[in-house]
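J.:
Numbering (this note's numbering), first residue to last: 530 to 744.
Rendered as structure tokens:
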């Protein structure tokens with residue numbers, strides 16, 4: 530057999546394996562979202578993926594391993610999302626636009642991946658996911674705090690931390706309501722969340738965003 534064919538076969542097997550893993554993770558996302566992590570089973574995930582349990586076990590030893598792999602991938606994507614959403618803001622940007630843009634990116638991610646909320650807030654998720662989510666939460670708070678510090682340069686660090694916690698708390702409370710609704714009601718809750726954040730931040734930020742003479 531020519532060398533190029535010998536090299537091609539392992540690549541094909543690897544590609545097939547990656548496609549199968551993606552198929553199983555998508556099925557797991559559906560099952561975890563529908564039933565919750567605790568009630569989910571490997572049999573249900575295999576059934577959703579249209580494969581035998583034996584095929585699933587070729588790639589994952591149990592549902593915890595599936596959840597961890599799914600969680601790792603989602604958290605990597607979430608880090609990219611908040612890297613974009615919490616980029617430095619042009620001082621000429623109106624506060625409503627800055628808040629709206631950030632909220633839209635986070636909401637789009639969570640609506641596209643509802644399993645993220647299900648896994649991160651479930652009562653019985655694997656310990657590693659809890660640890661990584663805590664690290665993600667801490668990094669997200671730091672990014673929000675950094676963004677706020679550029680808007681509120683004279684604010685003491687303890688106050689910035691408190692404001693960052695409040696912003697994240699408001700967002701998480703709004704997100705739960707948003708994910709519980711669909712269609713026009715979901716859009717209405719998204720508007721309410723944006724309004725709540727803008728009205729909270731506006732007296733703090735003052736004329737630093739979107740007003741003539743902003744530095």
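Glycine included, each C-beta is placed from N, C-alpha and C at the ideal position.
Owing to the predicted nature of the structure, the values given are computational and were not obtained by experimental measurement.
What is the DSSP secondary structure of residue 574, counted as helix, strand or coil?
T.: Start at 1 with the first residue of the chain shown, and residue 574 comes out as number 45. Helix.
J.: Going by Cα to Cα distance, which pick from 629, 688, 593 is closest to residue 569?
T.: Taking the first residue of the chain shown as 1, we reach residue 569 at position 40. When each option's Cα is compared against that of residue 569, the closest is 593.
J.: In its own chain, which residues sit with a C-beta less than 6 Å from the C-beta of residue 706, not counting the 5 before and 5 after it?
T.: Within the chain shown, numbered from 1, the residue matching residue 706 stands at position 177. Hits under 6 Å: 718.
J.: Within 10 Å of its beta-carbon, does residue 655 have 16 or more other beta-carbons around it, so buried, or fewer, so exposed?
T.: Within the chain shown, numbered from 1, the residue matching residue 655 stands at position 126. The residue in question, residue 655, is buried, as its Cβ has 16 or more Cβ neighbours within 10 Å.
J.: Can you name the start and end residues of the alpha helix (DSSP H) that residue 683 belongs to?
T.: Taking the chain shown and counting its residues from 1, one reaches residue 683 at position 154. Looking at the DSSP string, residue 683 is not in any alpha helix (DSSP H), and its letter there is neither H nor E.
J.: Using the beta-carbon count (16 or more within 10 Å), is residue 567 buried or exposed?
T.: As a first step, residue 567 is located in the chain shown; it is residue number 38 there, counting from the start. Residue 567 should be labelled exposed.
J.: Could you compute how far the alpha carbon of residue 728 sits from the alpha carbon of residue 666?
T.: Here the question's residue 728 lines up with position 199 in the chain shown. Here the question's residue 666 lines up with position 137 in the chain shown. Approximately 24 Å between the Cα atoms of the pair.
J.: Any contact of the stretch 647 to 661 with the stretch 598 to 613, i.e. 3+ C-beta pairs under 8 Å?
T.: Verdict: yes, contact present.
J.: Does residue 698 come out as helix, strand or coil in the three-state DSSP assignment?
T.: For this step, residue 698 is matched to residue 169 along the chain shown. It is helical.
J.: In angstroms, rounded to a whole number, what distance separates the CA positions of residue 610 and residue 572?
T.: Within the chain shown, residue 610 is the residue found at index 81, counting from 1. Within the chain shown, residue 572 is the residue found at index 43, counting from 1. Residue 610 and residue 572: Cα-Cα distance of roughly 32 Å.
J.: Whose C-alpha, out of 643, 702, 715, 681, is nearest the C-alpha of residue 726?
T.: Here residue 726 corresponds to residue number 197 of the chain shown, with the count starting at 1. The residue with the shortest Cα to Cα distance from residue 726 is 702.
J.: Quick check for students: name the residue ranges of the alpha helix (DSSP H) that lie wholly in the stretch 582 to 652, counting only runs of 4 or more.
T.: With a minimum length of 4 residues, the continuous alpha helix (DSSP H) runs that stay inside the stretch 582 to 652 are 582 to 588, 592 to 614, 624 to 641, 643 to 649.
J.: How far does the alpha helix (DSSP H) with residue 654 in it extend, from its first residue to its last?
T.: Sequence index remark: in the chain shown, residue 654 carries index 125 (1-based). Residue 654 -> no alpha helix (DSSP H), and no H or E assigned at all.
J.: Decide if residue 700 is buried, meaning its Cβ has at least 16 other Cβ atoms within 10 Å, or exposed.
T.: By 1-based counting over the chain shown, the position of residue 700 is 171. So residue 700 ends up on the buried side.
J.: Keeping to the same chain, check which residues put their C-beta closer than 7 Å to that of residue 710; ignore five residues upstream and five downstream.
T.: Residue numbering aside, residue 710 sits at position 181 when the chain shown is read from its first letter. For residue 710, where only same-chain residues beyond five positions count, the Cβ hits under 7 Å are 718.
J.: Does DSSP classify residue 735 as helix, strand or coil?
T.: In the chain shown, counting from the first residue as 1, residue 735 sits at position 206. It is coil, neither helix nor strand.
J.: Can you tell me whether DSSP reads residue 557 as helix, strand or coil?
T.: As a working note, residue 557 is residue 28 in the chain shown. Correct three-state label for residue 557: helix.
J.: According to DSSP, is residue 703 part of a helix, a strand, or is it coil?
T.: To locate residue 703, count along the chain shown from 1; it is residue 174. Helix.
J.: Measuring CA to CA, which of 575, 716, 557, 565 is closest to residue 637?
T.: In the chain shown, counting from the first residue as 1, residue 637 sits at position 108. Residue 637 has its Cα closest to that of 716, out of 575, 716, 557, 565.
J.: According to DSSP, simplified to helix, strand and coil, what is residue 661?
T.: Within the chain shown, the letter at position 132 stands for residue 661. Helix at residue 661.
J.: Buried or exposed: residue 662, going by 16 or more other Cβ atoms within 10 Å of its Cβ?
T.: As a first step, residue 662 is located in the chain shown; it is residue number 133 there, counting from the start. Buried, by the Cβ-count rule.
J.: How many Å lie between residue 693 and residue 577 at the Cα?
T.: Stepping through the chain shown from its first residue, residue 693 is reached at position 164. Stepping through the chain shown from its first residue, residue 577 is reached at position 48. Looking at the two C-alpha atoms, the distance is approximately 40 Å.
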